[in-house]
Amino acid sequence: MTEEQNERDIEAAIIEIGDHNRPIVLSELKVFNDLDQDEAETFEFEWTRIEPSHRRNLAQAMQEVAEASLELDFREVFSILLTDQDPAIRIAAVKGMAEDTRRSSLRRLSELLVNDADDGVRANAAITLGAWALRAGEGNLDQRTSNELAQQLWAAYDDQQTSTLVRQRLLETLGYLADSDPRVNQEIGAAYQRFDDGWQAAALCAMGRTGLDQWLPTITNSFRSNEPLLRFEAVRAAGELGDLAESIVNQVARATADSDIEVATTAMWALGQIGGTAARRFLEQLIKEVEGVRREAAVEALKELQFFDDPMQSLPIDDDDEDEDEYWYGEDDEE
């Protein structure tokens, strides 16, 4: 197939997919995988001609598809969407860049963190930069890039013009760097002591990312909070710490009975991450006792626990879910 034919195919595809009178079929978006330069230019030109609200739905759909399938490469598309005038589209693009390891993308995310006019875009840039901070914390970035990343994150965090929302997301991202930067733990502790729900939630999230068991007493204490948000972040932090949280597995197990469904199901997920005999026993019992969403969460957590224990072992659990090749995305039809 010639380059001219490829361009015509992309042009025809985006015209069809960009028709706001038809629903979005996620499987059709695969045509935008791994665009070359000419195809990207065609996409960029045609994109601006799509009805604005439909563009927003398309961007969010592509972001979801990118998350669901790591085999698809929408990097060129997301690079284009970063310049869209609609903040919701820029947010979708930023979220879609979590697996993008190009240094040019790191620079663009850093620029958005500092310069974008929309707080939501800046906050999501801070979140996506967490993927880079995780790579740095695991030693998968060269020292120069790691240092530059840390400097950029701290500069934005310390800037008095940075909003509270963005600073909280930055603290969560900085949690990945705690092993190499003593200031991270100082800021986490200070944030938790503010007795502000937003800051305490961000501190708990960051605690889980530090990889340090020194935070277990604070995390455990937050299981008893009256605020569901803080209980949620506490059980999630326990799960993020994995087997370091094995000493508090009983407290995590009790959280599976939380009245808040999100807290309860996250506690089940955490048990799967912590692992060990006690966590396995709790999950096996839960599967017998609970129904609906809670049982589904327990089944998935047990699958993950057993996979890490023995990747070749299969679970004697029925799973009736079926994957669909195509499904709709967008607003529900009015009745």
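Be aware that the sequence shown starts at 687, since it is given in my numbering, and climbs by one per residue. Ideal placement from N, C-alpha and C gives every residue a C-beta, glycine not left out.
*Any 3 or more C-beta pairs closer than 8 Å across the region 744-754 and the region 773-784*: yes
*Taking one C-beta from the region 799-819 and one from the region 836-844 each time, how about it: are there three or more such pairs within less than 8 Å?*
These segments touch.
_Can you tell me whether T814 is helix, strand or coil according to DSSP?_
Stepping through the sequence shown from its first residue, residue 814 is reached at position 128. In the structure shown, T814 adopts helical secondary structure according to DSSP, grouped into three states.
*Using three-state DSSP, classify D705 as helix, strand or coil.*
Position 19 of the sequence shown, counted from the start, is the residue given in the question as residue 705. In the structure shown, D705 sits in coil (DSSP, three-state: anything other than H, G, I, E or B).
*Nearest to V921 by CA position, among T896, L890, S945, is which residue?*
For this step, residue 921 is matched to residue 235 along the sequence shown. Of T896, L890, S945, the residue nearest in Cα terms is L890.
*Where does M783 fall in DSSP's three states?*
Looking up residue 783 in the sequence shown gives position 97. Reduced to three states, the DSSP call for M783 is coil.
*Which term fits K781, buried or exposed, when burial requires 16 or more other beta carbons within 10 angstroms of its beta carbon?*
By one-based count along the sequence shown, residue 781 stands at place 95. Buried, by the Cβ-count rule.
*Just how far apart, CA to CA, sit L768 and E737?*
As a first step, residue 768 must be located in the sequence shown, where it is residue number 82. As a first step, residue 737 must be located in the sequence shown, where it is residue number 51. Rounded to whole angstroms, L768 to E737 spans 17 Å at the Cα level.
_With three or more beta-carbon pairs closer than 8 Å as the criterion, would you say the region 892-904 touches the region 937-952?_
Flag = no, the region 892-904 and the region 937-952 do not touch.
*asked:* Looking at the secondary structure, which residues open and close the alpha helix (DSSP H) in which S790 lies?
replied: For the purposes of this step, residue 790 is identified with residue 104 of the sequence shown, where counting begins at 1. Unbroken alpha helix (DSSP H) run through S790: 789-801.
*DSSP on D1009, reduced to helix/strand/coil?*
Indexing the sequence shown from 1 puts residue 1009 at position 323. In this prediction, D1009 has a pLDDT of 40, which is less than 50 and means its spatial position is unreliable; what the coordinates show is noted afterwards. In this structure, D1009 counts as coil in the three-state DSSP scheme.
*Going by other Cβ atoms of all chains shown within 10 Å of its Cβ, with 16 needed for buried, is R741 buried or exposed?*
Locating residue 741 in the sequence shown gives position 55, counting from the first residue. Counting the other CB atoms within 10 Å of its CB gives R741 a total of 16 or more, which places it among the buried residues.
*On the three-state DSSP scale, how would you describe E932?*
The residue you call residue 932 lines up with position 246 of the sequence shown. In the structure shown, E932 sits in a helix (DSSP, three-state: H, G or I).
*List the whole-angstrom C-beta distance separating F729 from L721, where the pair is believed to meet the contact cut-off of C-beta under 8 Å.*
The sequence position of residue 729 within the sequence shown is 43, counting from 1. The sequence position of residue 721 within the sequence shown is 35, counting from 1. About 6 Å separates the CB atoms of F729 and L721; that is less than 8 Å, so the two are in contact.
*Excluding the five sequence neighbours on either side, which residues of its own chain have a C-beta within less than 6 Å of the C-beta of S832, listed in chain order?*
The sequence position of residue 832 within the sequence shown is 146, counting from 1. These residues qualify, in order along the chain: A822.
*asked:* Within 10 Å of its beta-carbon, does G825 have 16 or more other beta-carbons around it, so buried, or fewer, so exposed?
replied: Position 139 of the sequence shown, counted from the start, is the residue given in the question as residue 825. With fewer than 16 neighbouring CB atoms inside 10 Å of its own CB, G825 falls in the exposed class.
*Can you tell me whether DSSP reads Q849 as helix, strand or coil?*
By 1-based counting over the sequence shown, the position of residue 849 is 163. For the sequence presented, residue 849 should be read as Ser rather than Gln. Residue state, collapsed to three classes: coil.
*asked:* Can you find the residues in the same chain that come closer than 8 Å, C-beta to C-beta, to R981, ignoring five residues on each side of it along the sequence?
replied: Start at 1 with the first residue of the sequence shown, and residue 981 comes out as number 295. Same-chain partners within the cutoff: L972, I973.
*Taking 7 Å as the cut-off, is the CB of A699 close to at least one heavy atom of the ligand FAD?*
The ligand FAD is not among the ligands present in this structure, which contains no ligands whatsoever.
*Look at S836 and L863 and say whether their C-beta atoms are less than 8 Å apart.*
Against the sequence shown, residue 836 aligns to sequence position 150. Against the sequence shown, residue 863 aligns to sequence position 177. Checking the displayed sequence, the identity of residue 836 turns out to be Ala instead of Ser. Against a cut-off of 8 Å, the Cβ pair of L863 and A836 comes out as a contact.
*Given that a residue counts as buried once 16 or more other Cβ atoms are within 10 Å of its Cβ, and exposed if not, what is Q854?*
Residue 854 sits at position 168 when you count from the first residue of the sequence shown. Per the 10 Å Cβ criterion, buried.
*With burial defined as no fewer than 16 other Cβ atoms inside 10 Å of the residue's Cβ, what is the status of D883: buried or exposed?*
For the purposes of this step, residue 883 is taken as residue 197 along the sequence shown, with counting starting at 1. With fewer than 16 other beta carbons inside 10 angstroms of its own, D883 counts as exposed.
*So the alpha helix (DSSP H) R922 belongs to, where does it begin and stop?*
By 1-based counting over the sequence shown, the position of residue 922 is 236. Run containing R922: 914-926, per the alpha helix (DSSP H) assignment.
*With F760 and A754 assumed to form a contact (beta carbons below 8 Å), what rounded beta-carbon distance in angstroms separates them?*
For this step, residue 760 is matched to residue 74 along the sequence shown. For this step, residue 754 is matched to residue 68 along the sequence shown. Rounded, the Cβ-Cβ distance is 11 Å, inconsistent with contact.
*Do you know how far the Cα of V852 is from the Cα of Q838?*
Position 152 of the sequence shown, counted from the first residue, corresponds to residue 838. Position 166 of the sequence shown, counted from the first residue, corresponds to residue 852. For Q838 and V852, the distance between alpha carbons rounds to 13 Å.
*With a cut-off of 8 Å on the beta carbons, I'd call L969 and A953 a contact; round off their distance for me.*
Locating residue 969 in the sequence shown gives position 283, where the first residue counts as 1. Locating residue 953 in the sequence shown gives position 267, where the first residue counts as 1. In fact, because the Cβ distance is near 10 Å, the residues do not count as touching under 8 Å.
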